[in-house]
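In the UniProt record's numbering, the protein residues as written are 1 to 113. The C-beta atom is built at its ideal place from N, Cα and C for all residues, glycine as well. All values derive from a computational prediction rather than experimental measurement. Single-structure report; data block below.
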């Protein structure tokens, strides 16, 4: 099982309920394919560097997970099929990136307390 991290941007016109349902849909898809979800983060509404689909902001979400490599293409196909997703990026983490992601999660936890 390889370690991956996916960041995706959702359309800013979605309601809170629609956002939660969309994120849950992708998490459920991963779990159904045998993935282990390591962490997930809601980064909230952020301004985009450039307009995407004539929108200037979007809801950012991150999912950190472990899954077999052959499942990634089908997972990304789910993003392309969903109209509420404006952009997505899936990255395979090496051992250094995994360590950095763990430090980032610990830093985020300590600032929320």
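ask   = When you compare each of 73, 81, 94 to residue 25 by their alpha carbons, which one comes out closest?
value = 81
query = Among the residues of its own chain, which have a CB less than 6 Å from the CB of residue 46, if the five just before and after it don't count?
reply = 60
inquiry  = Suppose only complete runs of 3+ residues qualify. What are the beta strand (DSSP E) ranges in the region 17 to 102, listed by chain order?
reply    = 36 to 52, 55 to 67, 85 to 92
Cut-off 8 Å between Cβ atoms - residues of its own chain near residue 58, not counting five sequence neighbours on either side = 9, 10, 11, 12, 45, 46, 48, 52, 86, 87
key: Three-pair Cβ contact test at 8 Å for the region 36 to 43 versus the region 59 to 77   = yes
message = So, with DSSP's three-state summary, where would you put residue 108?
response = helix
task = Quick one: measure Cβ to Cβ for residue 6 and residue 89, integer angstroms, because I've assumed they're closer than 8 Å.
result = 7 Å
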